[in-house]
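Everything below concerns the one structure shown next.
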Amino acid sequence: MANKKVVLIRLCKTEKGWRRYRAVIGKNGRVKPGFVIVDGKERKYPNGRYQLRTYVGSRMIYRDAGENAAAALTAQTKTEHLLQAKVAAKEAGVKIEEVPGRLSLTRELNRFVQAAEDRGSNSAAAVYRTAADEFLRIVGKTFADEITPEDILLHQRGLRKRGCEQRTIANRHACITAFLRFCKLDVKTLAPAKPKFEKTVPEVYATEELRTFFGSIKDEHLYLIFEILLKCGLREQEAVYLTWENIDFATGTLRVRSKPEFDFKIKDKEERDLPIPADLLRRLKSYREQHPAGRLVTGTSTDKPNHKLLRTLKRLVKAAGLNCGQCAGCKTHKECERWWLHKFRATCITRLLQSGMDLRTVMKFSGHSDLESVMRYLSPAADTVIKAHVDGVEWM
């Protein structure tokens, strides 16, 4: 009898060299990335690739299944179904012929993600991979021509069942339609309606919150890092990869640039020059004179990109006594959800609008690619103005 079993294997680099072990499938039915079974115990070997083990007669065959755990699991399921179908067809005297011109969704996804990586959009590639892997797992289709409008709705229902918010569902939908468009499918027919979600007004920090926060910071370098986020409105990654050569002390300018050596590209390719507020410029100059070594402005003590700024922010907020005490983060692990890095950028943009700076200038300053994105910040900017007018009305 033909062997219909397909085993998911991980070819990984161990302390004894390259070895093949069974991949670990968790209780939730998903592959635990990097984990394998060695002598009955789970071990993690992050360096490696997944393979599918099948048999042709008594001969063992290994097929590459890539580096992504979810994609490998999908490939295993598809291969197993195909083998079962072939065996059943053979027993029934029917021959299955695979049409050579059909587009394999798994293969096209690999090409789609690779194309994003080739453009330098590594973050987008990772998002595409996550969204599309989940889509393929939910709909269970093999070829692009099998996708129907019902599959799009099935995917959205699956996300809702998992507890995803409408904004997340809309973002995942955009990723999936981009992938299907790459597969040369008619997206307007397959997904004519985009998932709707309520656009929230950007949240900003209150003046008193900021005074308390900055007043509590004793470390000069940390003070500078968060002052840059607030007064220059940088995105997190723009701040992480900011170098001292990007700061022109003569002109008081901060240059936001891509960093190929760190595999970092500016969002929307909006490289820009920003005027640095005079007080921040003085502190930056003083700090650089005292610390002439190092290249990264916000880097670690070993001059490496600091990817733990959010964790640092949470720690400083707690130390300053600014935890709200009401959110889930405060209740579970004493890390307030009301404080996050991008909120400094939102506060910066809002303050610029409140100061009277026009929309196009703010768009250039912030690196947004369209006016609509900047206009989202008009609502919070207008609130204080409206309140001042309301308070000034003589009602009776």
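The sequence shown: position 91 = 141 (this note's numbering), numbered continuously. For every residue, glycine included, the Cβ atom is placed at its ideal position computed from N, Cα and C.
From which residue to which residue does the beta strand (DSSP E) around residue i run?
i, result
"Val81", "Val81 to Val88"
"Val57", "Val57 to Thr64"
Might you give, ordered along the chain, the residues of its own chain that have their beta carbon closer than 6 Å to the beta carbon of residue i, omitting 5 neighbours on each side?
i, result
"Ile275", "Thr348"
"Ala396", "Pro252 and Val254"
"Ala120", "Asp183"
I'd like the span of the alpha helix (DSSP H) that includes residue i, first residue to last.
i, result
"Cys282", "Glu270 to Cys282"
"Lys384", "Premise fails: Lys384 is in no alpha helix (DSSP H) and is neither H nor E."
"Ile226", "Gln216 to Phe232"
"Ala139", "Ala119 to Glu141"
"Ile399", "His392 to Gln404"
"Met425", "Leu421 to Met425"
"Ser266", "Thr257 to Ser266"
"Leu240", "Val237 to Leu240"
Let me know the secondary structure DSSP gives residue i once reduced to three states.
i, result
"Pro325", "strand"
"Tyr337", "helix"
"Met413", "helix"
"Trp294", "helix"
"Gly208", "helix"
"Met110", "strand"
"Tyr105", "strand"
"Lys94", "strand"
"Thr198", "coil"
"Ile188", "helix"
"Lys77", "coil"
"Gly349", "coil"
"Tyr178", "helix"
"Phe447", "No statement about residue 447 is possible, as the shown extent of the chain runs from 51 to 446 and does not include it."
"Lys358", "coil"
"Ala115", "strand"
"Lys309", "strand"
"Gln164", "helix"
"Gln287", "helix"
"Leu159", "helix"
"Asn172", "helix"
"Val254", "coil"
"Leu372", "coil"
"Gly213", "coil"
"Gly344", "coil"
"Asp408", "coil"
Taking 7 Å as the limit between beta carbons, can you name the residues of its chain near residue i, skipping five residues before and five after?
i, result
"Ala181", "Arg222, Cys225 and Ile226"
"Asp353", "Gly344, Arg345 and Leu346"
"Ala174", "Ala166"
"Pro355", "Val290, Tyr291, Phe312, Leu346 and Gly349"
"Ala378", "Glu387"
"Asn118", "Arg179 and Asp183"
"Asp114", "Arg99 and Gln101"
"Gln287", "Phe314"
Could you please give me the residues that DSSP links to residue i through a beta bridge?
i, result
"Ser154", "Phe193"
"Lys303", "According to the sequence as given, residue 303 is Thr; it is not Lys. DSSP output for Thr303 lists Asp298 and Pro325 as bridge partner(s)."
"Arg99", "Leu61"
"Arg69", "Cys62"
"Phe314", "Lys309"
Quick one: what's got a C-beta closer than 8 Å to residue i's C-beta in the same chain, skipping five residues either side?
i, result
"Ile59", "Arg70, Tyr71, Arg72, Ala73, Tyr100, Gln101, Leu102, Arg103 and Tyr112"
"Glu158", "Ala194, Phe229, Phe232 and Cys233"
"Arg285", "Lys317, His392, Arg395 and Gly417"
"Asn78", "none"
Worksheet item: Is it true that the stretch 319-335 meets the stretch 411-428, where meeting means three or more beta-carbon pairs spaced less than 8 Å apart?
Response: yes
Item to complete: Count the C-beta pairs between the stretch 270-284 and the stretch 238-250 that are closer than 8 Å, then say yes if the count reaches three, no if not.
Response: no
Discussion item. Would the stretch 297-304 count as touching the stretch 404-415 if we require 3 or more Cβ pairs under 8 Å?
Written reply: no
Worksheet item: Okay, do the stretch 196-215 and the stretch 233-247 touch, 3+ Cβ pairs below 8 Å being the bar?
Response: yes
Fill in: Given 8 Å, three or more beta-carbon pairs between the stretch 131-143 and the stretch 89-98
no
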